[in-house]
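Number of protein chains: 2
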Amino acid sequence: MRRIKLTVAYDGTNYCGWQIQPNGITIEAALNRAVSTLTGEEIRVLGASRTDSGVHALGNVAVFDTRSRIPAERFSYALNQRLPRDIAVVNSEEVPLDWHPRYQNSRKTYEYRIINTKVPMPTERLYHCFVGFDLDVEKMREGAAYLLGEHDFASFCCIRTNAKTTVRTITELNIEQKDKEIVIRVSGNGFLYNMVRIIAGVLIRVGRGFYEPEKVLSLLEGKERTREAVTAPPQGLFLVGIEYEND
Amino acid sequence: MRRIKLTVAYDGTNYCGWQIQPNGITIEAALNRAVSTLTGEEIRVLGASRTDSGVHALGNVAVFDTRSRIPAERFSYALNQRLPRDIAVVNSEEVPLDWHPRYQNSRKTYEYRIINTKVPMPTERLYHCFVGFDLDVEKMREGAAYLLGEHDFASFCCIRTNAKTTVRTITELNIEQKDKEIVIRVSGNGFLYNMVRIIAGVLIRVGRGFYEPEKVLSLLEGKERTREAVTAPPQGLFLVGIEYEND
């Protein structure tokens, strides 16, 4: 028996997120089907991050165990022949049988992409959040600075979370602007449910002038989710990648 | 009677191109429907560039004549309420009644976008041509240099053209690389049918090392379309904009 680690990219537009659901097609279900057809075994992959409906990934991670003799690095190519064009395995490799994609220290990086034009541009609509009002990126950066480091992010988290603790560490939080595109890039040791989309939603309000940058601090200190901590829409969110400490 | 000029952006993925066809939905048909519903008149728009199936636009141009009293600059907003999300009017303004989007001097700019990764990335697939082999951008630039200026582009043109002359002038032709994205940006006073996609197809072959850069010159001098002048796929092509001389 071998454990194979997959790095998976996908366009989340037409999926009900990662996790298998009774209604609607998911990334996990599509991967299970491709891996099972390829190996002839009944296989269920185990994913690192259960991204929401409509959220995209450049490098989510999943593992599965197999008795197949296919060389580990060939799985990528072989699975891509069997997957729909909106899911791709960008890398495949063997890992130890006890290697787990969730229960170990890692650094996740997300991007939240905003398009700041007067009219929503059709060719940007699937991979950006559209904001029609001018955004003040400097103010967004001021607000973002309060989130860097270790904090209790209870107020930046969906109330339906079942996390044991809401303390997380953000190691990097940059906002870059290129023409009409604004990208919030955030890395950390873990993120609560909806945390990146709430950070984006709040920073967009700061950029529009609805909130002062200091509002980010007062929300953080409130340690309770309120309606002021708005969630930005899913199509702007990309799981860029996951780095594991012992890799 | 007034003539209204529209600047139109669209995602060509789900359309059979610009021009009305008996089978399949087109951008022109969708615009006609929206303008006619809005004004209550039976209106047919007149487009500047009849882009092919699957080709995108950031700024194609169309005009129509109307007796409606809607202020010219309000058409943009009003039409966007009636158009599907993959078509958007980014600007609307009044022009003289004899202003024609095709029969006057203009400068068109296109981009051909290539994504040069090992595996086709799902979130790039709709708006890029995927090339899995490493491209030598310097060689592509060398090849592109032969195309700059006034030439007979007969060998870079679909044989089904009904243009009176195949002489055109390319005023700008740059190739930019940013990470894994390569963008061929080309401007000129007019382009023959499939000309930009053939330029892209040939330059991709140069980048892959199939053709030497000098091959571009020999193709050009042949003045006859051959199978060596390959057409790159439509989803990488963007009509960026059209500038009119007298505007």
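Note that the protein sequences, when read in sequence, are chains A and B. Going by the working numbering, the first residue of the first sequence is number 1107, and it counts up by one from there. Going by the working numbering, the first residue of the second sequence is number 1107, and it counts up by one from there. Even glycine gets a Cβ: it sits at the ideal position worked out from N, Cα and C.
Q) What is the rounded straight-line gap between the Cα of residue 1266(A) and the Cα of residue 1148(A)? A) 32 Å
Q: Under 7 Å Cβ to Cβ from residue 1141(B), same chain only, skipping five residues before and after it: list those, please.
A: 1149, 1151, 1170 and 1185
Q. Since residue 1354(B) meets chain A, which of its residues come closer than 7 Å, beta carbon to beta carbon?
A. Because chain B is modelled from 1107 through 1353, residue 1354(B) falls outside the range shown and cannot be assessed.
**Q.** Option in 1219(A), 1276(A), 1334(A) and 1269(A) with minimal Cα separation from residue 1161(A)
**A.** 1219(A)
Q) Quick one, are the C-beta atoms of residue 1236(A) and residue 1226(A) less than 7 Å apart? A) yes
Q. Out of curiosity, what's the CA-to-CA distance linking residue 1279(B) and residue 1121(B)?
A. 28 Å
Q.
Relative to the C-alpha of residue 1269(B), which candidate in 1172(B), 1298(B), 1246(B) and 1275(B) has its C-alpha closest?
A. 1298(B)
Q | Alpha-carbon spacing of residue 1288(B) relative to residue 1193(A), whole angstroms | A | 22 Å
Q. Nearest to residue 1335(B) by CA position, among 1144(B), 1305(B), 1216(B) and 1159(B), is which residue?
A. 1305(B)
Q | Backbone secondary structure at residue 1152(B) - three-state DSSP | A | strand
(Q) Could you tell me the alpha carbon to alpha carbon distance between residue 1342(A) and residue 1330(B), rounded to whole angstroms? (A) 46 Å
Q: List the residues of chain B that residue 1117(A) touches, going by C-beta distances under 7 Å, in chain order.
A: 1228 and 1229
Q.
Using C-beta distances below 7 Å, list every residue in its chain close to residue 1344(B), excluding the 5 sequence neighbours before and after it, in chain order.
A. 1162, 1163, 1164, 1216, 1217 and 1219
Q. Using the rule of at least 16 other Cβ atoms within 10 Å of the residue's Cβ for burial, across every protein chain shown, is residue 1292(B) buried or exposed?
A. buried
Q. At least one CB of chain A closer than 7 Å to the CB of residue 1240(B): is that the case?
A. no
Q) What does DSSP give as the partner residues of residue 1275(B) in its beta bridges? A) 1256(B)
(Q) I want to see whether chain B comes within less than 7 Å of residue 1114(A), judged by CB atoms only; does it? (A) no
Q) Is residue 1260(A) close to chain B, meaning its C-beta is less than 7 Å from at least one C-beta of that chain? A) no
Q: Check the Cβ-Cβ distances between residue 1192(A) and every residue of chain B, and say whether any is below 7 Å.
A: yes
Q. Should residue 1230(A) be labelled buried (16 or more other beta-carbon atoms within 10 Å of its own) or exposed?
A. buried
Q | Terminal residues of the alpha helix (DSSP H) in which residue 1305(A) lies | A | 1301 to 1314
(Q) Between 1308(B), 1310(B), 1168(B) and 1183(B), which has its C-alpha nearest residue 1206(B)'s C-alpha? (A) 1168(B)
Q: Pull up the CB-CB distance for residue 1260(A) and residue 1307(A), whole angstroms please, since I reckon it's below 8 Å.
A: About 16 Å; that fails the 8 Å criterion.
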